[in-house]
Amino acid sequence: MNIQEAFSIIEENGMNLEFLPNEFKDDQNLVLYAINSMEKMALFSRENLPCPLQFASDRLRNDYEIVSRAIEICGGDALMYASENLKDDADLVKIAVKQNPTSLKFSSERVRAHKPTVLFTIKLRGRGCYGPLALEFASHALQQDPEIIAAASHS
């Protein structure tokens with residue numbers, strides 16, 4: 190199989206990345222193409238949208254551009270497929286929680302204990318999850334923090 194054949198397979202459905210040889214799962218252009226191909230499906234709903242990022246190589250799961258694009262197209266839950274390093278990036282986590290506040294659960298323990306990120310998440314409104322529900326994904330220490338509790342109760 191060559192790269193043109195791989196692109197043709199992905200063009201049919203970005204999730205076909207799963208069935209390609211590993212060498213193609215490490216090709217940045219092909220993986221971005223697979224992620225971007227999901228945009229048509231995202232027009233209808235980002236909820237429970239599958240994400241080709243889950244089949245990308247470890248190297249590309251640690252690529253900020255790839256992961257942020259996956260979050261943009263597939264929704265915040267794409268964070269679950271990111272590298273541990275990127276799950277520890279508070280700015281990337283904020284991008285994910287803007288899409289879906291429950292994505293906080295996929296972030297690192299350090300981010301779930303980062304008060305500004307948790308407050309940011311709790312204060313999101315109109316996204317199906319905010320306030321007390323977002324509090325569930327914060328660190329235990331922040332779940333006991335008076336400022337966090339007050340913010341959650343006013344959301």
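Heads up, the sequence shown is in this note's numbering, so the first residue is 190 and it goes up one at a time. Backbone N, C-alpha and C fix where the C-beta goes; we use that ideal spot for every residue, glycine too. The model shown is predicted, which means the values in this text are computed figures rather than measured ones.
Beta-carbon proximity list for residue i, same chain, < 6 Å, skipping 5 on both sides
{"i": "Ala245", "result": "Lys214, Val220"}
{"i": "Arg316", "result": "Per-residue confidence for Arg316 stands at a pLDDT of 48, beneath the threshold of 50, marking its modelled position as unreliable; no derived number is given."}
{"i": "Ser292", "result": "Gly265, Asp266, Leu268, Ala285, Val286"}
{"i": "Ser328", "result": "Arg301, Ala302"}
{"i": "Ser296", "result": "Lys276, Val282"}
Separation of residue j from residue i, as counted between CA atoms
{"i": "Val256", "j": "Gly264", "result": "11 Å"}
{"i": "Asp277", "j": "Glu201", "result": "34 Å"}
{"i": "His208", "j": "Glu336", "result": "A small correction: the amino acid at residue 208 is Phe; His does not occupy that position in the sequence shown. Looking at the two C-alpha atoms, the distance is approximately 48 Å."}
Close Cβ partners of residue i (< 8 Å) along its chain, the five nearest in sequence each way excluded
{"i": "Arg250", "result": "Leu242, Val256, Tyr270, Ala271, Ser272, Leu275"}
{"i": "Leu206", "result": "Ile199, Phe213, Lys214, Leu219, Val220, Ala223, Pro241, Phe244, Ala245"}
{"i": "Pro305", "result": "Ala279"}
Supposed close pair residue i, residue j - CB separation, criterion 8 Å
{"i": "Ala330", "j": "Ile311", "result": "Contact doesn't hold; Cβ gap of about 15 Å is too wide."}
{"i": "Met227", "j": "Pro210", "result": "Met227 to Pro210, Cβ: 21 Å. No contact."}
{"i": "Asn225", "j": "Ile192", "result": "Their Cβ separation, rounded to whole angstroms, is 16 Å, which puts Asn225 and Ile192 out of contact at 8 Å."}
{"i": "Asp252", "j": "Gln217", "result": "7 Å"}
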